[in-house]
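Count the sequence shown with my numbering and you get residues 103 to 692, in order. Ideal Cβ positions, reconstructed from N, Cα and C, are used throughout, including at glycine. Bear in mind that the values here come from a model prediction, so they are computed numbers and not experimental data. Worksheet: the structure to be examined is printed underneath.
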Amino acid sequence: MATMEMRKDLFADERDDNLNVIGKGVQRQDMPGHVTARTRFFDDHAFDGMLHLKVVRSPHHHARIRSIDISAAERAPGVRRVLRGADVPVNKNTLLSLINFGKDDEPSLAVSKVSYKGEPVVAILADSEAQAQAACKLVRIDYDLLPAVFDVEETLKAGAPVVNETYPGNYFEYHERFDHQKLRFGDVERGFSGADIVMEHRYQMSPIEHAPTETNGSIAAPEQNGRYVVHSCAQGLFFALGTTAKIVNVESNQLHFIGGTVGGGFGGKVDTLTEPLAVLGAMLTGRPVRFVLDREEEMLYGSPRGAERIYIKDGLMRDGRIVARHIRSYFDAGAYTRLSSYAAIKCTAHVPGPYWIPNVTSDIYVAYTNRCPSTAMRGFGVTAVDFALEVQMDRLAEAANMDPMELRILNAYRDGDMKPHRRAAKNTALVECVQVAAEKANWPLSEQAKRASSLIGGGVGERAQIPATQLDARGQIGRPDTRSGPVTQVLPAGTSRIAPSKQPVMEGARDGRAAPTQVPRYEPPRPAAPPAPPPYQPAPPPSYQPAGSHPAPPAYQPPPAPPAPPPSAAPAQTQHGAVRFSSVFGTRRR
């Protein structure tokens with residue numbers, strides 16, 4: 103095993119380098135089972151009388167379903183049940199509905215329309231996989247073809263075919279108000295007008311299939327007392343359980359999901375593609391049901407990483423300082439939402455990259471097209487925009503006739519810098535990372551670049567402040583004409599950075615939910631309440647003593663215990679729960 107160099111000279115006061123796993127030859131717990139072929143994956147579980155499920159998929163990208171004839175398939179040898187959309191108890195779902203985010207938009211089995219090539223329409227349950235596949239060929243579906251759209255910008259134009267009827271504008275709706283994710287910080291147009299160089303480039307990413315060794319699949323079988331066991335390869339087992347319970351309309355405690363051993367996932371096994379229909383088949387037949395995608399289905403219809411189109415426009419001074427940046431990005435969700443809405447939030451949280459820029463705006467869209475729905479894949483929402491940003495940085499360095507390493511050091515965040523998300527940067531380290539990379543690569547740096555530090559120069563003056571910010575009403579739901587609307591308000595400049603210990607107070611409410619104003623109002627932390635006084639205890643009445651008698655000595659009373667110290671204040675928590683690294687909240691996992 104190669105040795106790992108631990109640079110203890112960097113941030114020695116911030117971290118403990120007594121690591122237990124990194125840099126050490128620790129054996130994985132599941133390694134012996136993998137190398138001896140004893141690990142049991144979901145498809146290694148056998149059940150007597152198991153049925154096999156296969157689906158009839160749409161051959162068209164976009165079409166109305168006029169009629170479905172399943173009569174021949176029902177009479178085919180070995181067929182035990184044929185499922186249509188009407189058989190699914192809750193035949194519309196969206197993955198993030200479990201956290202009340204987004205509208206249910208995707209059917210398990212299409213009913214009146216198909217929106218991408220390969221969308222499931224009918225499911226066949228048969229005694230063998232071959233019999234199920236043969237019966238699929240006997241299903242007759244009559245379609246009326248509809249115009250299709252495959253480009254993320256074309257689909258947002260007025261008059262484009264409606265891909266997703268839950269979102270008739272072909273965009274995901276955020277906060278019941280906007281058709282995209284917005285970020286506004288400073289005055290970008292003023293920054294561009296004062297820049298020496300203004301540069302804009304377009305970056306295009308393609309869909310990427312995860313290609314796991316083990317394709318998506320699951321096996322569901324009846325247990326006792328109306329319960330069902332499900333052997334699954336899902337990456338998010340509890341997410342798959344909750345989604346399945348919703349679609350088949352049962353309480354989650356009626357489902358016993360077993361998994362955790364995944365034969366390759368990379369984000370492609372979070373969509374619960376097979377479990378709901380497998381469980382529904384087991385419920386309707388009383389027999390175990392196996393639903394596994396074959397390799398062709400996995401490659402063509404298993405959710406890929408979504409394609410992204412990114413435009414980056416920068417204002418650059420000749421000394422290498424970036425003074426304005428605008429990012430416009432389009433996520434190709436395919437026909438349905440799945441996780442693309444979350445990807446756009448992650449992308450917005452990452453803008454403008456690890457660089458301090460005084461004027462930043464971004465507009466991040468989730469667009470629906472007649473492609474296979476896309477999903478998570480290894481840093482989705484950040485990976486593509488990071489690639490685009492770093493290529494842009496190289497182009498900026500060339501335009502400024504400057505070393506690309508030194509351009510990054512010059513513009514990198516320092517501790518205390520104000521981010522466009524109105525959080526102070528903490529634990530920054532890009533300067534040191536570039537310096538070490540240059541050292542390892544024998545890349546020459548100037549003495550000034552070598553002396554730079556993430557701990558020096560940040561959080562001072564303009565770098566610590568929230569600037570006056572141009573606000574607009576662009577991107578209102580249902581109004582594509584507002585995408586180029588004028589500035590509607592100028593938010594006054596802040597005077598100092600926000601203390602990390604302060605918590606935002608969101609004003610206003612809508613439907614019983616907190617609704618933020620345009621900018622959170624911050625208040626100082628309240629002092630801890632003084633300890634409560636001890637409860638009142640009345641003194642006991644004096645006991646009666648007969649005349650001439652000597653009073654008995656008082657009973658022994660232990661000395662009073664010293665008052666307990668007031669409880670120590672709980673450590674400040676980040677606004678998003680667990681303490682971990684976040685580009686928005688600026689915390690680092692220990």
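Between which residues of its own chain and residue i is the CB-CB distance below 7 Å, once the five residues before and five after are set aside?
i	result
N318	C335, K371, L375, T376, L395, E400, G404
L285	T450, V453, V462, T463, S464, P522
A654	Any reading at A654 needs caution, since the residue's pLDDT is 46, under 50, leaving its predicted position unreliable; the model's value is listed next. Nothing meets the Cβ criterion.
E278	none
H147	I321, H333
G187	N193, P209, L211, A212, V213
For residue i, is the classification buried or exposed, using 16 other Cβ atoms within 10 angstroms of its Cβ as the cut-off for buried?
i	result
P179	exposed
Q647	Unreliable positioning characterises Q647 in this predicted model, as indicated by a pLDDT of 45, which lies under 50. A coordinate reading is not provided.
I466	buried
S548	exposed
L512	buried
E208	buried
N266	buried
V562	exposed
F340	exposed
Q233	buried
T530	buried
D289	buried
G442	According to the sequence shown, residue 442 is Ser rather than Gly. Burial call: buried.
G296	exposed
CA-CA distance, residue i and residue j?
i	j	result
G559	Y515	9 Å
I243	I170	5 Å
R473	A437	6 Å
D189	G344	19 Å
F85	M507	Missing from the structure shown is residue 85; the chain here goes from 103 to 692 and no further.
P324	D145	17 Å
S598	D574	Reliability fails at S598, whose pLDDT of 37 lies under 50, so the model's placement of it is uncertain and no value is given.
Q283	N272	15 Å
F280	T584	10 Å
I447	F482	11 Å
A499	D416	12 Å
N195	Q129	40 Å
M385	Q326	12 Å
L112	V533	11 Å
V254	T471	7 Å
V137	K126	20 Å
D115	D517	14 Å
V468	T439	8 Å
F143	Y330	18 Å
L121	H163	52 Å
G580	E256	16 Å
E541	N503	22 Å
Q494	S431	14 Å
A237	E492	52 Å
A380	V332	9 Å
E564	G362	49 Å
V264	P270	6 Å
Among all the DSSP beta bridges, which residues are the ones paired with residue i?
i	result
M301	D416
I568	According to DSSP, I568 bridges with nothing at all.
S320	S334, F393
K194	Answer by DSSP bridge pairing: none, since K194 is not bridged.
F482	DSSP lists no partner for F482.
P222	R159
I124	None, per the DSSP bridge assignment.
H428	K415, T463
Y273	A469
R286	T463
S217	According to DSSP, which records beta bridges pairwise, S217 is partnered with nothing at all.
L153	V391
By Cβ distance below 6 Å, which residues in the same chain neighbour residue i in space, the five residues on each side in sequence not counted?
i	result
I299	L418, A501
D118	none
I459	I424, R427
Q306	R411
V157	P222, A225
Q605	Only weak support exists for where Q605 lies, its pLDDT of 41 falling under 50; the value from the coordinates is given anyway. Result list for Q605: empty, nothing under 6 Å.
R392	M152, H154, I321
Within the same chain, show all residues whose beta-carbon is closer than 8 Å to that of residue i, passing over the 5 residues directly before and after it, in chain order.
i	result
G151	R389, P390
A445	G408, F433, V468, A478, F482, G483
R397	T317
Comparing the CB of residue i with every heavy atom of the ligand GTP, is any distance shorter than 7 Å?
i	result
E255	What this structure holds is no ligand at all, so the ligand GTP is not there to describe.
Contained alpha helix (DSSP H) runs [length at least 4] in the stretch 360 to 385, N- to C-terminal order: none
Minimum length 4: unbroken alpha helix (DSSP H) runs contained in the stretch 446 to 511: 485 to 501
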